[in-house]
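Asker: Numbering (our numbering), first residue to last: 57 to 368. Provided herewith is a single structure, encoded as structure tokens, for subsequent inquiry.
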């Protein structure tokens, strides 16, 4: 392939990469406008707790954090004389990698707390989740602190900036990081599904909106993230230097939006009620266990007080 043909192919890949940046930026802005009234009604009126703090951090870091990456993918240059632009591109590249890591850690923390509450503070479940999280995080940190030599790129590919081309060895390490995230998603979904099925079996009278919300949101989150993460891993292993990793921001934005929607839906579920019919069917001890099982998911927003007073 001649230099001109290679440059044309690179420019085409960069255009595709720009689409993967502009689309998620549009999605997160549209979702913010669409759900702002829910944020006001379900979060603004309450006190600032660990749950609401995680919600705000996840929602607004994703909304504002995508903006620098829009600049990264719209400042393409091959002119060696444009040192300020190329220096800024290096900074934006580092920002992009760190932002992806921090975004996924934040989403992971929210999912871990939610699952930990669902399992009524089980130390074994917490240890399992932390083991998976630690493995994924260590793999990602290893990538950030061990850079790959860019010399394997062709002179034409190396001349581009914003975005930079990723060497093959680094692309494979990035694929490993996202594979670890995929393992984490499978773990969280499996734990959530198992707990919901147990509650569904043990307390058939409590097949209410809360369990349906957990099952629906958990299934949607898992299915969408598995598909998107698999596509992202495929771009790293099969794509070229400039197309690989293009859906990274798209995946980060989707995970952030879905976690925010999950928290909206949990806060929108009616509080558990126990009427006369249910009193006739269950003993006081059974009702206490049902109430504890139902309210564990609300521990994400009441870690300071309710979680300590929950009855197991």
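Every residue gets a Cβ at the ideal spot worked out from N, C-alpha and C, and that includes glycine. Bear in mind that the values here come from a model prediction, so they are computed numbers and not experimental data.
1) One question on the structure: do residue 114 and residue 242 come within less than 8 Å of each other, judged by their Cβ atoms?
2) Would DSSP call residue 302 helix, strand or coil?
3) According to DSSP, simplified to helix, strand and coil, what is residue 104?
4) Distance, Cα to Cα, residue 201 vs residue 178?
5) Are there 16 or more other CB atoms within 10 angstroms of the CB of residue 85, so buried, or fewer, so exposed?
6) DSSP three-state label for residue 177, please.
7) Using CA coordinates, which residue listed in 174, 297, 79 is at the minimum distance from residue 322?
8) Quick one: does the C-beta of residue 179 sit closer than 7 Å to a heavy atom of the ligand MN?
9) What is the rounded straight-line gap between the Cα of residue 311 and the Cα of residue 147?
10) Could you check where the alpha helix (DSSP H) with residue 126 kicks off and where it finishes?
11) How is residue 222 classed by DSSP in three states: helix, strand or coil?
12) Looking at residue 292: is its Cβ nearer than 8 Å to the Cβ of residue 227?
13) When the Cα atoms are used, what is the spatial distance from residue 79 to residue 72?
14) Taking all protein chains shown into account, decide if residue 76 is buried (16 or more other Cβ within 10 angstroms of its Cβ) or exposed.
15) Below 8 Å between beta carbons: does that hold for residue 101 and residue 108?
16) If you run the structure through DSSP and keep just helix, strand and coil, what is residue 207?
17) Which word fits residue 68, buried or exposed, when buried means at least 16 other C-beta atoms lie within 10 angstroms of its C-beta?
18) Helix, strand or coil: how does DSSP classify residue 291 here?
19) Are residue 235 and residue 289 close, meaning C-beta to C-beta below 8 Å?
20) Excluding sequence positions up to five away, which residues of its chain have a Cβ less than 7 Å from the Cβ of residue 257?
21) Using CA coordinates, which residue listed in 66, 64, 184, 88 is at the minimum distance from residue 309?
22) Please name the residue, chosen from 269, 298, 287, that lies closest to residue 224 on a Cα-to-Cα basis.
23) Please name the residue, chosen from 187, 304, 82, that lies closest to residue 155 on a Cα-to-Cα basis.
Answerer: On the basis of the supplied data:
1) For the purposes of this step, residue 114 is taken as the residue at position 58 of the chain shown. For the purposes of this step, residue 242 is taken as the residue at position 186 of the chain shown. Not a contact, by the Cβ cut-off of 8 Å.
2) Stepping through the chain shown from its first residue, residue 302 is reached at position 246. Here residue 302 sits in coil by DSSP.
3) Within the chain shown, numbered from 1, the residue matching residue 104 stands at position 48. Note: residue 104 maps to coil in three-state DSSP.
4) Position 145 of the chain shown, counted from the first residue, corresponds to residue 201. Position 122 of the chain shown, counted from the first residue, corresponds to residue 178. Take the alpha-carbon of residue 201 and the one of residue 178: they are about 34 Å apart.
5) Within the chain shown, residue 85 is the residue found at index 29, counting from 1. It counts as exposed.
6) As a working mapping, residue 177 is identified with position 121 in the chain shown. Reduced to three states, the DSSP call for residue 177 is coil.
7) Within the chain shown, the letter at position 266 stands for residue 322. Comparing Cα-Cα distances from residue 322 to each of 174, 297, 79, the minimum goes to 174.
8) With respect to small molecules bound, the structure shown includes none, and the ligand MN cannot be examined in it.
9) Counting from one through the chain shown, the residue named residue 311 turns up at place 255. Counting from one through the chain shown, the residue named residue 147 turns up at place 91. Computed Cα separation, rounded: 25 Å.
10) Taking the first residue of the chain shown as 1, we reach residue 126 at position 70. Unbroken alpha helix (DSSP H) run through residue 126: 123–128.
11) Taking the first residue of the chain shown as position 1, residue 222 is located at position 166. The three-state secondary structure of residue 222, taken from DSSP, is coil.
12) As a position in the chain shown, residue 292 is number 236, starting the count at 1. As a position in the chain shown, residue 227 is number 171, starting the count at 1. Inclusion of residue 292 and residue 227 in the CB contact set at 8 Å is warranted, their separation being smaller than that value.
13) Within the chain shown, residue 79 is the residue found at index 23, counting from 1. Within the chain shown, residue 72 is the residue found at index 16, counting from 1. Roughly 11 Å between the two C-alpha positions.
14) Residue 76 sits at position 20 when you count from the first residue of the chain shown. Per the 10 Å Cβ criterion, buried.
15) As a first step, residue 101 must be located in the chain shown, where it is residue number 45. As a first step, residue 108 must be located in the chain shown, where it is residue number 52. No; because the gap between Cβ atoms is not below 8 Å, this pair is not in contact.
16) Along the chain shown, read from residue 1 onward, the residue named residue 207 stands at position 151. Since pLDDT at residue 207 reaches only 49, below the 50 mark, its modelled position is unreliable, and the value read off the structure follows with that caveat. Helix, per DSSP.
17) Sequence index remark: in the chain shown, residue 68 carries index 12 (1-based). So residue 68 ends up on the exposed side.
18) As a first step, residue 291 must be located in the chain shown, where it is residue number 235. Helix.
19) The residue you call residue 235 lines up with position 179 of the chain shown. The residue you call residue 289 lines up with position 233 of the chain shown. A contact, by the Cβ cut-off of 8 Å.
20) Within the chain shown, numbered from 1, the residue matching residue 257 stands at position 201. Cβ neighbours of residue 257 within its own chain (closer than 7 Å, five residues either side excluded): none.
21) Taking the first residue of the chain shown as 1, we reach residue 309 at position 253. Residue 309 has its Cα closest to that of 88, out of 66, 64, 184, 88.
22) As a position in the chain shown, residue 224 is number 168, starting the count at 1. The shortest Cα separation from residue 224 among 269, 298, 287 belongs to 298.
23) The residue labelled residue 155 in the question sits at position 99 within the chain shown. Looking at the Cα atoms, 304 is the closest of the given residues.
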